[in-house]
Amino acid sequence: AQSVTQLDSQVPVFEEAPVELRCNYSSSVSVYLFWYVQYPNQGLQLLLKYLSGSTLVKGINGFEAEFNKSQTSFHLRKPSVHISDTAEYFCAVRKMSNTGKLIFGQGTTLQVKP
Amino acid sequence: ETGVTQSPTHLIKTRGQQVTLRCSSQSGHNTVSWYQQALGQGPQFIFQYYREEENGRGNFPPRFSGLQFPNYSSELNVNALELDDSALYLCASSYLGTGGEDTQYFGPGTRLTVL
Numbered sequence: 485a486q487s488v489t490q491l492d493s494q495v496p497v498f499e500e501a502p503v504e505l506r507c508n509y510s511s512s513v514s515v516y517l518f519w520y521v522q523y524p525n526q527g528l529q530l531l532l533k534y535l536s537g538s539t540l541v542k543g544i545n546g547f548e549a550e551f552n553k554s555q556t557s558f559h560l561r562k563p564s565v566h567i568s569d570t571a572e573y574f575c576a577v578r579k580m581s582n583t584g585k586l587i588f589g590q591g592t593t594l595q596v597k598p
Numbered sequence: 013e014t015g016v017t018q019s020p021t022h023l024i025k026t027r028g029q030q031v032t033l034r035c036s037s038q039s040g041h042n043t044v045s046w047y048q049q050a051l052g053q054g055p056q057f058i059f060q061y062y063r064e065e066e067n068g069r070g071n072f073p074p075r076f077s078g079l080q081f082p083n084y085s086s087e088l089n090v091n092a093l094e095l096d097d098s099a100l101y102l103c104a105s106s107y108l109g110t111g112g113e114d115t116q117y118f119g120p121g122t123r124l125t126v127l
């Protein structure tokens, strides 16, 4: 079975500072990896995904993530955050050999302060 | 191109009642997945429908059932509602091709409150 651990439940950061949201996963088989963002009272928006190839993945809104197979991690980073980045961020995995079932972490609340 | 839409936005029911939630897929997608997101939690997979058939199910009881229609829209039905069913219900659509990878795009969700 797969599992996802988001190591920080809340990350407070000042505007224009860099940020890293940490995600570790556990799986006995190869997986696809995703980051989604959820703004208050909204659904999930796809930020980026790792399917194969380069381990550094660039997404929307200036976010990027790096897949590290040996450490089973997929940390999300942004060099300079804005107030508008305040939201809940979810890391998710899906088995390559399966369809559909995304396994989500518990989420990390990013709080950007002025 | 329209995105994933869900209806209704909000719903209040009482314990023991039945509810139907609806989802319209993004244009060109053939697969719909449903998730339950309790307050302060990550979404939990309920089931997925591909070409009108269930294509995987999470750890939810049989009173959670679904349908997918020829136009790839979908319904989630929940019978005998319990207080713990109160949650945000998210629908995600995707295109499942021969490669087996389907990136899921989510709708805005339906907030269900069970009293």
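From first to last, the protein sequence lines are chains L and H.
Position in the first sequence counted from 1, then plus 484, gives you this note's numbering.
Position in the second sequence counted from 1, then plus 12, gives you this note's numbering.
We treat Cβ as the ideally placed atom computed from N, Cα and C, and that holds for glycine.
Model, not experiment: these values are computed from the prediction.
- For H:Asp96 and H:Val126, the gap between their C-alpha atoms comes out near 8 Å.
- With respect to the 8 Å criterion, H:Gly78 and H:Leu102 are not classified as neighbours on the basis of their beta carbons.
- Between H:Pro20 and chain L, the shortest Cβ-Cβ separation is not below 8 Å.
- Inclusion of L:Gln595 and L:Gln490 in the CB contact set at 8 Å is not warranted, their separation being larger than that value.
- The C-beta distance from L:Thr556 to L:Ser493 rounds to 20 Å, too long to meet the 8 Å contact threshold.
- According to the DSSP assignment, L:Ile567 belongs to no beta strand (DSSP E), since it is labelled neither H nor E.
- Cβ proximity to chain L below 7 Å picks out Leu102, Leu108, Gly112, Glu113, Asp114, Thr115, Gln116, Tyr117, Phe118, Gly119, Pro120 and Gly121 from the region 97 to 127 of chain H.
- Under DSSP, L:Gly546 shares a beta bridge with no residue.
- Close to L:Phe588, with beta-carbon spacing below 9 Å, are these residues of chain H in chain order: Tyr47, Gln49, Gln53, Gly54, Pro55, Gln56 and Phe57.
- A direct Cα-Cα distance of roughly 19 Å separates H:His41 from L:Tyr520.
- Listed along chain L are Lys585, each with a C-beta nearer than 7 Å to that of H:Gly70.
- Counting only Cβ-Cβ distances below 9 Å, L:Lys553 has no contacts in chain H at all, with the closest Cβ about 18 Å away.
- Per DSSP, the continuous beta strand (DSSP E) segment holding H:Phe57 begins and ends at Gln56 to Tyr62.
- Between L:Lys562 and chain H, the shortest Cβ-Cβ separation is not below 8 Å.
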